[in-house]
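For reference, the structure is listed below as structure tokens.
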Amino acid sequence: MAATPSHLRIAIIGGGLAGSSLANALTQIPHVQIQVYEAAPTFSERGAAVALSTNALQALEQIFPPGGKEELLKKAGAVLLNSSRSVVGSGPHAGKIIFDSAGTESEVVVHRASLLRELVAPLPQDILHPNKKLASINPASSTHRTRVTFEDGTTDEFDGVIGADGIFSSVRPYVLQSEAANYAATPAGFWDCRSLASMEKAKEVLGEDLFEVDRQCGWVGDGGFLMHDVLENRTVVQCVISAVERSPTNDRKRPLNREILTQTLHNWLDGPIAKGMIEES
386 MAATPSHLRI AIIGGGLAGS SLANALTQIP HVQIQVYEAA PTFSERGAAV ALSTNALQAL
446 EQIFPPGGKE ELLKKAGAVL LNSSRSVVGS GPHAGKIIFD SAGTESEVVV HRASLLRELV
506 APLPQDILHP NKKLASINPA SSTHRTRVTF EDGTTDEFDG VIGADGIFSS VRPYVLQSEA
566 ANYAATPAGF WDCRSLASME KAKEVLGEDL FEVDRQCGWV GDGGFLMHDV LENRTVVQCV
626 ISAVERSPTN DRKRPLNREI LTQTLHNWLD GPIAKGMIEE S
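So for the sequence shown, the working numbering puts the first residue at 386; every next one is plus one.
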């Protein structure tokens, strides 16, 4: 459908959780026409799980019609976070509970890929464009619009461009311009790796007692932090190992194996959690 003078054409750069959530909101506004561009070959999410707390859930309630949020989360396999627990992971007090925090009905944990699948499902297929990596954003010479050019050579013009393309955003430099370098992504001083295991396997390796309650459990110890929680309608467990990085680099990813994990957590191995988490990773 061609835009009329009363219509606004909006490009969303990035088809992840943020971009697809925004697309669902804007498609409900009659005078706004949107197109969603994703650099990857498919609309997909990296990483395992995301916790949605009060603000995120209220946003979904605003975006979707009555009952829509609940249906979305049900299809995505979201699990109500009944409580969170912090435990000592290494040293002489390994296994000691630091504190328990009671959960509320306003927080859930959901697999990122499943949530994105359900966010993308209601969107018209003709507004979704994978394999579109941004090349440039410039003022259009003959209109008051903005010309967006992609690396495959295609271009289009819009009244507005929204960057939803993550921490390494290609849109950010066009927003911040000369200040962009001051706000570029920098190493955080730690790394993490994530894996998914069936509930049965997690109970076997980590212990059934850890899954008596749908709980997000964090283990704090020497130079690292481990965490596990429950996804996909209680059928899958996410396991996370993270560690302090003494000499951070700008590499966005690097190979990890059990030998590296074992060396990193060598002071944890006499405790109750590290060996099982390494086996699951």
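Just so you know, even glycine gets a beta-carbon here, dropped at the ideal spot from N, CA and C.
Reference residue i; option with closest CA among the options
i, options, result
"isoleucine 626", "Ala433, Phe553, Arg502, Glu589", "Ala433"
"phenylalanine 610", "Lys459, Glu430, Ser471", "Ser471"
"alanine 498", "Ser429, Ile414, Glu665", "Ser429"
"glycine 462", "Glu664, Leu500, Asp599, Arg532", "Leu500"
"glutamate 363", "Lys660, Gly538, Leu646, Pro633", "Because the chain spans 386 through 666 in this model, residue 363 falls outside it and cannot be assessed."
"valine 546", "Phe553, Arg557, Thr528, Ile552", "Arg557"
"leucine 591", "Asn409, Gly480, Gln413", "Gly480"
"glutamine 447", "Tyr559, Gln562, Pro415, Ala410", "Ala410"
"aspartate 550", "Gln562, Arg431, Glu644", "Arg431"
"glutamine 562", "His478, Arg619, Ser521", "Ser521"
"proline 450", "Leu437, Gln413, His478, Gly476", "Gln413"
"glutamate 593", "Ile483, Pro657, Leu437", "Pro657"
"serine 580", "Arg643, Gly548, His478, Asp655", "Arg643"
"lysine 638", "Gly603, Trp576, Ser555, Arg619", "Trp576"
"phenylalanine 484", "Asn652, Arg619, Gly603", "Gly603"
"proline 507", "Ser406, Ala566, His478", "Ser406"
"asparagine 652", "Arg619, Asn618, Gly608", "Gly608"
"tyrosine 559", "Thr528, Ser527, Asn523", "Asn523"
"tyrosine 422", "His478, Ser555, Ile482", "Ser555"
Alpha helix (DSSP H) segment containing residue i, residue limits
i, result
"isoleucine 483", "Not the alpha helix (DSSP H): isoleucine 483 falls in the beta strand (DSSP E), residues 482-487."
"arginine 352", "Look at the range of the chain in this structure, 386 to 666, and you will see that residue 352 is not part of it."
"glutamate 664", "659-665"
"serine 406", "402-411"
"arginine 639", "Premise fails: arginine 639 is in no alpha helix (DSSP H) and is neither H nor E."
Beta-carbon spacing of residue i, residue j below 8 Å
i, j, result
"glutamine 623", "aspartate 636", "no"
"glutamate 536", "alanine 525", "no"
"glutamine 418", "alanine 396", "no"
"isoleucine 398", "leucine 519", "yes"
"valine 435", "glutamine 601", "no"
"phenylalanine 596", "methionine 584", "yes"
"leucine 457", "glutamate 503", "yes"
"threonine 540", "arginine 530", "no"
"leucine 393", "aspartate 544", "yes"
"threonine 391", "valine 598", "The question names threonine, but residue 391 is serine in the sequence shown. No, the pair does not count as a contact, with Cβ atoms beyond the cut-off."
"glycine 474", "glycine 606", "yes"
"proline 509", "proline 426", "no"
"threonine 439", "serine 486", "no"
"leucine 445", "lysine 459", "no"
"valine 505", "leucine 616", "no"
"leucine 646", "serine 666", "yes"
"lysine 517", "alanine 424", "yes"
"leucine 513", "cysteine 578", "no"
"threonine 669", "proline 572", "Outside the shown range of the chain (386 to 666) lies residue 669, about which nothing can therefore be said."
With 16 other Cβ atoms within 10 Å as the buried cut-off, status of residue i
i, result
"valine 629", "exposed"
"glycine 404", "buried"
"methionine 386", "Below a pLDDT of 50, predicted positions are generally treated as unreliable, and methionine 386, at 48, falls in that range; the measurement from the model is reported next regardless. Methionine 386 comes out exposed."
"tyrosine 568", "exposed"
"alanine 587", "buried"
"phenylalanine 553", "exposed"
"histidine 496", "buried"
"valine 621", "buried"
"threonine 649", "buried"
"glycine 401", "buried"
"leucine 654", "exposed"
"alanine 582", "buried"
"glutamate 476", "It should be pointed out that residue 476 corresponds to glycine in this sequence rather than to glutamate. Its Cβ having fewer than 16 others within 10 Å, glycine 476 is exposed."
"glycine 538", "exposed"
"glycine 452", "exposed"
Residue i, enclosing beta strand (DSSP E) - first and last residue
i, result
"glutamate 542", "540-543"
"threonine 534", "531-535"
"alanine 396", "393-398"
"isoleucine 419", "417-422"
"histidine 496", "493-496"
Exercise. Enumerated in chain order, which unbroken segments of the alpha helix (DSSP H) with a length of 4 residues or greater are wholly contained in the segment 548-633?
Worked result: 557-561, 584-591
Exercise. Residue ranges of each beta strand (DSSP E) run of no fewer than 3 residues wholly in the segment 498-528, ordered along the chain?
Worked result: 519-524
Exercise. Taking only runs of the alpha helix (DSSP H) that begin and end inside the segment 433-489, which ones reach a length of at least 4 residues, in chain order?
Worked result: 439-448, 453-460
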